[in-house]
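Respectively, the protein sequence lines represent chains A and B. Residues 1 to 344, numbered by the numbering used here, are exactly what the first sequence covers, in order. Residues 345 to 425, numbered by the numbering used here, are exactly what the second sequence covers, in order. For every residue, glycine included, the Cβ atom is placed at its ideal position computed from N, Cα and C. For reference, the structure discussed in these notes is given below.
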Amino acid sequence: MTAKINPSKGAPHARIVGVGGYRPVRVVPNEVILEHIDSSDEWIRSRSGIASRHWAGPEETVAEMSIEAAGKAIADAGIDASDIDAVVVATVSHFKQTPAVATEIAHRIGAGKPAAFDISAGCAGFTYGLTLGKGMITDGTAGHVLVIGVERLSDLTDKEDRATAFLFGDGAGAVVLGPSKEAAIGPTVWGSEGDKSQTITQTVAWDEFRSGDVSQLPVDSKGEVKFPAITQEGQAVFRWAVYEMARVAQEALDAAGITSADLDAFIPHQANMRIIDSMIKALKLPEHVAVARDVETTGNTSAASIPLAMERLLASGAAKSGDTALIIGFGAGLVYAATVVTLP
Amino acid sequence: MATKEEIVAGLADIVNEIAGIPTEDVQLDKSFTDDLDVDSLSMVEVVVAAEEQFSVKIPDDDVKNLKTVGDAVDYILKAQA
Ligand SMILES: CC(C)(COP(=O)(O)OP(=O)(O)OC[C@H]1O[C@@H](n2cnc3c(N)ncnc32)[C@H](O)[C@@H]1OP(=O)(O)O)[C@@H](O)C(=O)NCCC(=O)NCCS
């Protein structure tokens, strides 16, 4: 017999109700990067726009940074941690795969027994998590959802690789999503291009690192086997980002039913200032749109970059609560996700 | 199909738009990096724009061989054929 099943009842819409970020205490200027690679401050700034980044210390674990960011987001939302029904953590740099770090975070912030899990979607991870969280709220499986993007990319950086050593940073960004009467998160335009999976990848898989023929593995200048790191085909990724991602960003505006003139802010994934500048041109963003340029002092923090940049744009006064912002994440996969949101 | 003159003029506009170089400076014998201040990333943007404008494909591996404006013009002429 096919029994009649109750449908779930969700809120009409979802919105971001709070945002918070955590940046590690240690600031690493380009001079420190230059101790290990043949390059210059001028080259790094002109090719990437990066002047400094934060690298986490031993105490600033993925969980600790997340808890700090989450605490700020929850306070900003003006809710109690116990109101959170789901915790979604986007990361590629939590080295203890079992259990998911989301459960420890949920427990330690005092959220009780929410649904909690990690997702892996590279630099699109935050926007993927936001999309899942929105679905939970409109579906009715959660009232409030905590979405965290967190990375310790310094652990996955080859400090002697001049193509990547200067790019990555560490940190955590979090948002709280809650119910809304009006639409405040637009349709997400997302996808993947697995045929380009080799353009951003890990040098050596964990199992090869453990049991592979060590003589085949890359070694550093001291002759020691290198820890796995993120490697990329920079030009191919740059081309994809400036060309394809501008189109995806435009599709997200179209899907939301607005034009770039309706935007107050643009918060793209903070990969490279040159990519950001190129997207601004391609989208013909009007002068009045505030653009997040957090990459200059934060570097590329993958899944953490959008909420960190959002928090900073709001804190600086360049954007304010209620403003309309376009966000777009893109990276290893290759994967991407873009949507329009009302800022908390 | 664009003629050689049209391709030079089109590239000059693209280089002007991306690197702010006066169009009259974009001559066949000019090197993108050494003479026109187009660095490796701007070069990618130039290539992407040229692909759109002239309906050709210029793969990453070939971009490295386009040292001068003349190299790019010849490449586009051949690719159109
Ligand atoms: C990483 C990146 C800045 C490198 O720039 P690039 O122009 O592609 O660099 P290339 O490797 O082609 O090198 C260009 C030139 O600079 C030199 N170079 C490379 N790295 C250098 C460094 N760190 N310092 C100084 N010179 C460097 C190269 O030797 C080469 O010189 P040559 O032309 O005389 O041979 C760029 O490719 C990039 O940012 N891509 C996007 C990556 C990204 O954002 N990924 C994450 C997406 S989520």
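Please list, in chain order, all residues of the same chain as residue i whose beta carbon is under 6 angstroms from its beta carbon, the five residues on each side excluded.
i: A:S66; result: I105, I148, V150 and A172
i: B:K411; result: S375
i: A:A292; result: I267, A309 and L313
i: A:A338; result: V189, V248, A249, A252 and I328
i: B:Q397; result: G354
i: A:A261; result: P286
i: A:L130; result: V147
i: A:P187; result: A255
For residue i, I'd like the list of residues in its chain whose CB is within less than 7 angstroms of its CB, leaving aside the five on either flank, ordered along the chain.
i: A:P114; result: I84, D85, A86, V87 and A106
i: A:G234; result: A163
i: A:H269; result: C123, S305, I306, I328, G329, F330 and G331
i: A:L132; result: V88
i: A:D347; result: No answer is possible for residue 347 of chain A: the residues shown for chain A start at 1 and end at 344.
Could you check the C-alpha separation between residue i and residue j for me, to the nearest Å?
i: A:T201; j: A:G125; result: 15 angstroms
i: A:T199; j: A:I230; result: 10 angstroms
i: A:L146; j: A:E296; result: 27 angstroms
i: A:R23; j: A:T138; result: 32 angstroms
i: A:S211; j: A:S40; result: 38 angstroms
i: A:S82; j: A:G71; result: 12 angstroms
i: B:Q371; j: A:D254; result: 40 angstroms
i: B:S399; j: B:A393; result: 10 angstroms
i: A:A51; j: A:N30; result: 6 angstroms
i: B:K422; j: B:E349; result: 14 angstroms
i: A:V62; j: B:K408; result: 40 angstroms
i: A:T98; j: A:S316; result: 38 angstroms
i: A:K96; j: A:D207; result: 14 angstroms
i: A:D294; j: A:S278; result: 16 angstroms
i: A:A290; j: A:L263; result: 9 angstroms
i: B:L385; j: A:A111; result: 46 angstroms
So, is the C-beta of residue i closer than 7 angstroms to a C-beta in chain B?
i: A:F238; result: yes
i: A:R274; result: yes
Taking residue i as the query, report the chain A residues whose CB atoms sit under 8 angstroms from its CB, ordered along the chain.
i: B:L410; result: Those within 8 angstroms of B:L410 in chain A number zero; the least Cβ separation is about 13 angstroms.
i: B:V388; result: Q235, F238, R239 and V242
List the residues of chain B that residue i touches, going by C-beta distances under 7 angstroms, in chain order.
i: A:Y243; result: V392
i: A:S278; result: E389
Let me check understanding here. Comparing Cα to Cα, which of the options lies closest to residue i?
i: A:Y243; options: B:V388, B:A425 and B:G354; result: B:V388
i: A:I33; options: A:W55, A:A318 and A:S278; result: A:W55
i: A:F168; options: A:E251, A:L153, A:P179 and A:D158; result: A:L153
i: A:Y336; options: A:V237, A:A265 and A:A51; result: A:V237
i: A:A325; options: A:S316, A:A100 and A:T259; result: A:T259
i: B:L380; options: B:P366, B:A416 and B:V391; result: B:P366
i: A:S46; options: A:I37, A:I275, A:T91 and A:A205; result: A:I275
i: A:A102; options: A:H288, A:I109, A:F117 and A:H94; result: A:F117
i: A:N300; options: A:M273, A:L285 and A:E287; result: A:M273
i: A:V89; options: A:G112, A:I119 and A:K4; result: A:I119
i: A:D170; options: A:A319, A:G333, A:S316 and A:I306; result: A:I306
i: A:G57; options: A:V25, A:I44, A:E68 and A:A63; result: A:V25
i: B:V352; options: B:V413, B:A423, B:A393 and B:E395; result: B:V413
I'd like to know whether the C-beta of residue i is nearer than 7 angstroms to at least one C-beta of chain A.
i: B:D406; result: no
i: B:L385; result: yes
So which residues on chain B does residue i lean against when the C-beta distance must stay under 8 angstroms?
i: A:R15; result: What A:R15 touches in chain B: nothing, since even the nearest Cβ is about 36 angstroms away.
In its own chain, which residues sit with a C-beta less than 8 angstroms from the C-beta of residue i, not counting the 5 before and 5 after it?
i: A:A184; result: H13, A14, R15, I16, V341 and T342
i: B:D406; result: Y419
i: B:E368; result: A356
i: A:T203; result: D158, P218, K226, P228, A229, I230 and T231
i: A:G353; result: It is not possible to answer for residue 353 of chain A, since the shown part of chain A is limited to 1 through 344.
i: A:D38; result: R162
i: A:D8; result: Going by the sequence as given, residue 8 of chain A is Ser instead of Asp. For A:S8, where only same-chain residues beyond five positions count, the Cβ hits under 8 angstroms are D139, G140 and T141.
i: A:K181; result: P12 and H13
i: B:Q424; result: M345, A346, F398, S399 and V400
In chain B, which residues lie with their C-beta within 9 angstroms of the C-beta of residue i?
i: A:R47; result: D383, S384 and L385
Less than 6 angstroms between the CB of residue i and some heavy atom of ligand 2, yes or no?
i: A:A246; result: Questions concerning ligand 2 fall outside what the structure shown contains, since the ligands it does hold are ligand 1.
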